[in-house]
Every structure is written in C-alpha cells, then in structure tokens.
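*Asks:* Shown below is the structure under consideration.
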Amino acid sequence: MTEQSGQTPTLDNLSTESRVFAPADDFSAAANVGAAAYEQGTADREAFWAEQADRLSWDTRWERVLDWDDAPFAKWFVGGKLNVAANCVDRHVEAGLGDRVAIHWVGEPGDSRAITYADLLREVSKTANALTELGLEAGDRVAIQMPMIPEAIFSMLACARLGLVHSVVFGGFSSAALRSRIDDAQARLLITSDGQYRRGAPAPMKDNTDEATAHTPSIEHVLVVRRTGGEVKWTDGRDLWWHEVVDRQAETHEAQPFDAEHPLFILYTSGTTGNPKGILHTSGGYLTQASYTHHAVFDLKPETDVYWCTADIGWITGHSYIVYGPLSNGVTQVVYEGTPNTPHEGRHWEIIQEHKVSIYYTAPTLIRTFMKWGADIPARYDLSSLRVLGSVGEPINPEAWIWYRENVGANRTPIVDTWWQTETGAIMISPLPGVTHTKPGSAQRALPGISAKVVDDQGVEVGKGGGGYLVLDQPWPSMLRGIWGDNDRYRDTYWSRFADLGFYFAGDGAKYDADGDIWLLGRVDDVMNVSGHRISTTEVESALVSHPTVAEAAVVGASDPTTGQGIVAFVILRGSAKPDDSTVKTLRDHVATEIGPIAKPRQVLIVNELPKTRSGKIMRRLLRDVAENRAIGDTTTLADSAVMDLISTGLKSTT
Ligand code: PRX
Numbered sequence: 001m002t003e004q005s006g007q008t009p010t011l012d013n014l015s016t017e018s019r020v021f022a023p024a025d026d027f028s029a030a031a032n033v034g035a036a037a038y039e040q041g042t043a044d045r046e047a048f049w050a051e052q053a054d055r056l057s058w059d060t061r062w063e064r065v066l067d068w069d070d071a072p073f074a075k076w077f078v079g080g081k082l083n084v085a086a087n088c089v090d091r092h093v094e095a096g097l098g099d100r101v102a103i104h105w106v107g108e109p110g111d112s113r114a115i116t117y118a119d120l121l122r123e124v125s126k127t128a129n130a131l132t133e134l135g136l137e138a139g140d141r142v143a144i145q146m147p148m149i150p151e152a153i154f155s156m157l158a159c160a161r162l163g164l165v166h167s168v169v170f171g172g173f174s175s176a177a178l179r180s181r182i183d184d185a186q187a188r189l190l191i192t193s194d195g196q197y198r199r200g201a202p203a204p205m206k207d208n209t210d211e212a213t214a215h216t217p218s219i220e221h222v223l224v225v226r227r228t229g230g231e232v233k234w235t236d237g238r239d240l241w242w243h244e245v246v247d248r249q250a251e252t253h254e255a256q257p258f259d260a261e262h263p264l265f266i267l268y269t270s271g272t273t274g275n276p277k278g279i280l281h282t283s284g285g286y287l288t289q290a291s292y293t294h295h296a297v298f299d300l301k302p303e304t305d306v307y308w309c310t311a312d313i314g315w316i317t318g319h320s321y322i323v324y325g326p327l328s329n330g331v332t333q334v335v336y337e338g339t340p341n342t343p344h345e346g347r348h349w350e351i352i353q354e355h356k357v358s359i360y361y362t363a364p365t366l367i368r369t370f371m372k373w374g375a376d377i378p379a380r381y382d383l384s385s386l387r388v389l390g391s392v393g394e395p396i397n398p399e400a401w402i403w404y405r406e407n408v409g410a411n412r413t414p415i416v417d418t419w420w421q422t423e424t425g426a427i428m429i430s431p432l433p434g435v436t437h438t439k440p441g442s443a444q445r446a447l448p449g450i451s452a453k454v455v456d457d458q459g460v461e462v463g464k465g466g467g468g469y470l471v472l473d474q475p476w477p478s479m480l481r482g483i484w485g486d487n488d489r490y491r492d493t494y495w496s497r498f499a500d501l502g503f504y505f506a507g508d509g510a511k512y513d514a515d516g517d518i519w520l521l522g523r524v525d526d527v528m529n530v531s532g533h534r535i536s537t538t539e540v541e542s543a544l545v546s547h548p549t550v551a552e553a554a555v556v557g558a559s560d561p562t563t564g565q566g567i568v569a570f571v572i573l574r575g576s577a578k579p580d581d582s583t584v585k586t587l588r589d590h591v592a593t594e595i596g597p598i599a600k601p602r603q604v605l606i607v608n609e610l611p612k613t614r615s616g617k618i619m620r621r622l623l624r625d626v627a628e629n630r631a632i633g634d635t636t637t638l639a640d641s642a643v644m645d646l647i648s649t650g651l652k653s654t655t
C-alpha cells in the first residue's frame, strides 16, 4: 500500500498469526446477540437501528430513522425526543431497580462509595438543580476537568439532563490546552476539583484550571469539588464549592425531553494539524449505538454482571463505555480513581476479586505493562468471576492478546478487540463474544448494522489478503455530527479523501486476511498513538517551536514496546542557543507544560538539519528510520541528500 505522510502500516508483522479461538458452546447458547444479527443489519440497516433505538425510552417517537439528504451531515431518528440522562438513570429507578448499585466507586487511597441507581437519580437531580440555579440553559456549554470521582459522572449526566453540552477535558491536559478548549466552545461554566489522588499522593488540579480561567472570558463560574482538601486559591464571586451549592438543592428534578439531534457533548481530539478538533455528538443516535454495542459486544447481563472499564472519562471510551453505554443498560460497574500500581501492582486484580468483576475492558498499553510486571501478580488473585475481556485504543499485538487471555482470562474468556474512534462515538468493528471465532490481534468484522471496508487509493475494495485504508461506507447512528464551529474542516478531514464515493476516511491502515477478517494496522496520517492516546505530530512540534531556544522541530511516533508508539522529537536550536546537559529536559518539560504530560517526548534529539523534500515538506519516514534504529530508506526525493548523513553522524557523536 502507499504511504501518506505518516506511519507506515506494518502489513508483514501480523501475517504469520494464525491462532483461532472458538466461543464455548454454553457461552454462545446464552449470548445476547447471535449470528442472525449480521443478516438483519445488512438486510435493512435502518430497520435494524430502529429496533435498537427501541431499547431506549422515547418521549416522542421519531418520524424518520435516517436523514442523509444533507450528507455528510446526518440526522438520525428525526423528530424523536428523549432525555439521555433519564434513559441512564430515571427509567431504571422507575422499573424498580433503584436499589441496584450503579457505581462501585473505588478511590485511590482506599476510600469507596457504593452508589445505587436511586442515589444516582438524587445526585444527578441535585446537580441539575444547581446548574439551573447558576443560570445555565439548554445549548450552553460546560467544561469539565475532573479526576475519576463520582461527581464527574453526576456532572456529565446533569448536563445531559438539562440539554447542556459538556466538554470534558482530560485531567492530564495543561492549562493552555484547557484554555483553548474552553475558548473554542465558549463554555460558561467549568467544573473541577481541588485536587486528585495519583500514584499514592494528592496532586493539585484547581491550580491548572485557575491558570486557564485567568484568560477565558466566557467562564462565569467555576464549580469546585473538594476531593483532597488541599489548599486552593479562590476567586470570590466566580468560584463556588460543590458542597455549598449542590448539597442544598432539592433531590428531585423533572427531566425534559430533547430532540434526538440535540447536541450532547463536544470532545476534543487531535488531528493532523495543530488545533484539536471539537468532535460533536448528539443525543438519540449516539445513545442508541453506545447502548446497543455495550449490550452486544460485552454480552452484557445487567442483572448479574459487574462491569469495569478502566478508561478515564476524559476520553471517548469513558464517555461511551463508563457513562452512557453502561448506565443506559442499568448495569453495576466499578469506577476506579487511581493508577494501576498504587499502592501495588496487583491493584486491578484485587479490585476484580473484591467486586467480582465479570467484564473487564482496558487498553493494550496497560496489558503490556501488566506483562512487564509479571504473570505471577494476577496469579495471586481470584479472577474466576471474569467472563468477557475487552481491548481498545490501538492495535493489540498477538503476544499481548494471548497473555491477556491466558493470565487474566484463564484461557477461557472471549476477548473482544474493539476498533472505533472519538468520531465514531461507539464501537464499529469487533468480535461478538458468542459468535466470533476470535483471532489474536484482529478486530475482525464490522458489527451488525455497520459497514466498513478496506480500500485502495482509488477507493476500490481490496481483495482477501490485501491491505489499504479503512473506510466506513454507510452512515451510523453514533457518527460525529461535525466539528464544533468548523463544517469545512469536517468535510475536508473525513469526507474529501473519497469524496466521489461518499466514504468516511478513518485515517487507519487495515488489511483483510484470507477469511476476509479485518486487521487494523495503525494510523496512516500524522497522528501518533501513545498509550492509546491520540497526539498529533504537529501539536508537539508547535509546542517545541514555542520555546525560545527552538528554531525548528520535527516529531515522529516510533514504535515502543509498552506504549505502542513513543514520541521522538528532532530539534534544531536557534543560532545563539548552545545545547547543554539540561536542554533536553527543558524541552521535554516544556511540551508537558504546553500540552500535558502525555505528550512529553520520549526522546529529544538535537540536530543541525532536518530532511526535507524540494517542496520543503519534512520527510518523517526517514526520521522514523533513525528513531527506530533502522537503515535509512530511500532518500532520492530529499532536497539535499547529504542531510541524513549529517543527522546520523551528529547523533552518533552526541550519544
Ligand atoms: O488508530 C485507531 C486507534 O485509535 C484511533 C482512535 O483514537 P481515539 O479517537 O482516541 O479513540 C480511542 C478509543 C476508541 C483509531 O483511529 N484504535 C482504537 N481502537 C483500536 C485502534 N487501533 C487498532 N485496534 C483497535 N481496537
């Protein structure tokens, strides 16, 4: 396949994997979704999704399932009205399930809270009443930067209940990143906490939001949860304690229905250019697919299962598979605040044992970390409650898949490798645990009602064994409805690559195996995937260049045994700047301050030149060769072919 400007999909390293695991007969016999669903989904896609929408409770039924007349701007369940929060909370209480635990919350220092659906209804109602008291009205934007504490979930659901559009910003993002997201969405309220527990110690959070809100005129109030009790600076009139404003509110709140296409949230994600994109999701279609896929892919049995997704609510996985999917299905779930090795490396297994977790959904980077820590650690715990394991965020290498199955799943549990994106809103390609004969490293097949293809440069579907680009050739209910405030960028980014064919271009390389199953191969654009987090090379380059000593920077994602990819930066210093022992540290720290610790380069290499084409484009492919210690590839299109020698020699002399 041809390469765009970024990562080279590695077709070859997966081609030798041939192991297959059939589902156990008793699992299949009791599974929520069988093979017939695929036929239903293909025979009449709209009827299939209408049936799934009926799993929710609607105040007004839709008139039309899909309006694609103004493609690529979709409308699903046109004319339908529902309240997303009432679907996640009230209807379970009304069905007599108020005493069921919704959230077993586990704090990092060892504190915990069991929150029933009745409790959740009270908390969400109080929060909604507080937000109303603050003058917020349907359509207003609310920014949320919070740790994994219950109030974060109450806040998201209170927004959904009032038709407010939440924009959750991952707790690890810098004040500059938070500020640009608040500005872009013109958020009126920010919800945060004084601090959070990470790696066994309290860390401040409000300090970061204070730096951001010093420059965000749209923010009227900052609502602050007291989590660590650490000291905070206070701006009278603007800052409000959660316990002073929310706790005194009435415990009931009447939820109003909203249009199926009412905006539910914005979530910013990295693209190929510097500015993060505000991905917009709406209500009815999003909830339909989040809810159905959670039920189907995890074979969810809400009466008996205990589900745990280890993501953070700051990412789409936390939105769809901690908040909206699981709660709409009325399951009991675990929410854990902290890091997986606090206070010890068995913390996750201890939680699974204690809460009898039956479905565990995590990321390959964490699985590889567990592998590094050793199989003897999970072996010390009783993990027999587990019956389905999930993976998300990046391609899972077959070794990690097999380790997961053997050491966590006792060679018994199905593994669902789920491919999807912030933009798709919900899972698109994944095995179904009662149907699919799973293959380590393959997400395999589009879910019922979803259509995905691997195509070549021209958009022609490749044959079995062929590789190319992953596209989605039919609209789906939880698809993004656009990029906040930028329709042109929406069209350009996703729909222009195969404009004549009307395909959504996912930005991923993929291949079909001999059975026609799909194997994802990583990004084909300038987006890196570090521990399952999307970071654009341009974003990191801009951060580096914003440092006064840096003249030019080029960033690549180099393969990394634990994090999938690691960020490697090649930096040219300004004429007057002389590198010393602290230069590399200073630049790495600078990126952490500008974007957040997740974007800190693994390596910063100071060079005198960068490889460029005659048109001035940096040839990242060659830099990746250097970063991955490979022989340098074809340099014939370089403007100056001696540059790579200079870089390689320069590096040797500095190491
Ligand atoms: O490259 C794919 C990778 O993660 C990207 C989407 O990132 P984000 O929007 O942050 O959402 C992550 C959580 C859904 C995709 O374009 N990706 C995600 N899941 C997989 C994956 N790559 C391979 N296999 C997966 N299961």
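Per full-length UniProt numbering, the sequence shown starts with residue 1, numbered consecutively.
In this text, a Cβ means the ideal position worked out from N, Cα and C, and glycines have one as well.
#1: Which residues end up in the neighbourhood of the ligand PRX when you take C-beta atoms closer than 7 Å to any of its heavy atoms?
#2: With DSSP as the reference, label residue 462 as helix, strand or coil.
#3: Could you name the residues that DSSP lists as bridge partners for residue 529?
#4: The alpha helix (DSSP H) with residue 62 in it runs from where to where?
#5: Tell me whether the beta-carbon of residue 635 lies closer than 9 Å to the beta-carbon of residue 611.
#6: State the CB to CB distance for the pair residue 161 and residue 295, rounded to an integer number of angstroms; the pair is presumed to be in contact (CB under 8 Å).
#7: For residue 326, which residues in the same chain have their Cβ closer than 7 Å to its Cβ, ignoring the five residues on either side in sequence?
#8: How is the beta strand (DSSP E) around residue 605 delimited, first residue to last?
#9: What does the Cβ neighbour count give for residue 444, buried or exposed, with the cut at 16 atoms within 10 Å?
#10: What is the DSSP secondary structure of residue 141, reduced to helix, strand or coil?
#11: Would you mind reading off the limits of the alpha helix (DSSP H) that contains residue 325?
#12: What beta strand (DSSP E) runs, 3 residues minimum, are completely inside the region 141-224?
#13: Between the alpha carbons of residue 503 and residue 172, how many angstroms are there, rounded?
#14: Which two residues bound the contiguous alpha helix (DSSP H) that contains residue 125?
#15: Would the C-beta of residue 359 count as close to the ligand MN, meaning under 8 Å from any of its heavy atoms?
#16: Assign residue 27 to one of three DSSP states: helix, strand, or coil.
#17: Any idea if residue 60 is buried or exposed, counting beta-carbon neighbours within 10 angstroms, 16 or more meaning buried?
#18: CB-CB under 8 Å to residue 20, same chain, minus the five flanking residues each way: which ones, in chain order?
#19: Just the C-alpha distance for residue 461 and residue 48, rounded to the nearest angstrom, thanks.
#20: Where does residue 289 sit, in a helix, a strand or coil, going by DSSP?
#21: Find the nearest neighbour of residue 469 within the set 427, 518 and 422, judged by alpha-carbon distance.
#22: Leaving out five residues before and five after residue 645 in sequence, what residues of the same chain have Cβ atoms less than 7 Å from its Cβ?
#23: On the DSSP letters alone, give me the boundaries of the alpha helix (DSSP H) that residue 53 sits inside.
#24: Would you check if the region 284-292 and the region 191-202 touch, i.e. whether three or more CB-CB distances between them fall below 8 Å?
#25: Per DSSP, which one or two residues make a beta bridge with residue 76?
#26: If I measure Cβ to Cβ from residue 314 and keep anything under 7 Å in the same chain, skipping five residues before and after, which residues do I get?
#27: Would DSSP call residue 585 helix, strand or coil?
#28: Can you name the residues that DSSP bridges to residue 81?
#29: Counting along the chain, where does the alpha helix (DSSP H) carrying residue 351 start and finish?
#30: When the Cα atoms are used, what is the spatial distance from residue 386 to residue 357?
#31: By the 10 Å Cβ neighbour count, where 16 or more other Cβ atoms means buried, how is residue 96 classified, buried or exposed?
#32: For my contact list, residue 335 and residue 618 are in at a C-beta cut-off of 8 Å; report their separation, rounded to the angstrom.
#33: Given a cut-off of 9 Å, decide if residue 432 and residue 450 are closer than it, judged by their beta-carbon atoms.
#34: Skipping 5 residues on each side, what residues in its chain have a beta carbon closer than 7 Å to that of residue 12?
#35: Taking C-alpha atoms, which residue in 585, 521 and 310 lies nearest to residue 441?
*Replies:* Result, derived from the coordinates:
#1: 269, 315, 316, 317, 391, 392, 393, 394, 395, 396, 417, 418, 419, 420, 421, 422, 423, 443, 506, 507, 508, 520, 522, 523, 529, 532, 533 and 534
#2: coil
#3: 534
#4: Taken as a continuous stretch (DSSP letters only), residue 62 belongs to no alpha helix (DSSP H), as it is neither H nor E.
#5: Yes, the Cβ-Cβ distance between residue 635 and residue 611 is below 9 Å.
#6: The Cβ separation is near 22 Å, so there is no contact.
#7: 294, 307 and 333
#8: 603-606
#9: buried
#10: For residue 141, the three-state secondary structure derived from DSSP is strand.
#11: 325-328
#12: 141-144, 165-168, 189-193, 195-198 and 201-204
#13: 34 Å
#14: 117-133
#15: Looking for the ligand MN in the displayed structure turns up nothing; the ligands present are the ligand PRX.
#16: helix
#17: exposed
#18: For residue 20, where only same-chain residues beyond five positions count, the Cβ hits under 8 Å are 437, 438 and 439.
#19: 25 Å
#20: helix
#21: 518
#22: none
#23: Its alpha helix (DSSP H) spans residues 45-53.
#24: no
#25: Beta-bridge pairing links residue 76 to 66.
#26: 168, 169, 170 and 171
#27: helix
#28: 60 and 259
#29: 347-355
#30: 6 Å
#31: exposed
#32: In fact, because the Cβ distance is near 42 Å, the residues do not count as touching under 8 Å.
#33: no
#34: Any reading at residue 12 needs caution, since the residue's pLDDT is 45, under 50, leaving its predicted position unreliable; the model's value is listed next. None.
#35: 521
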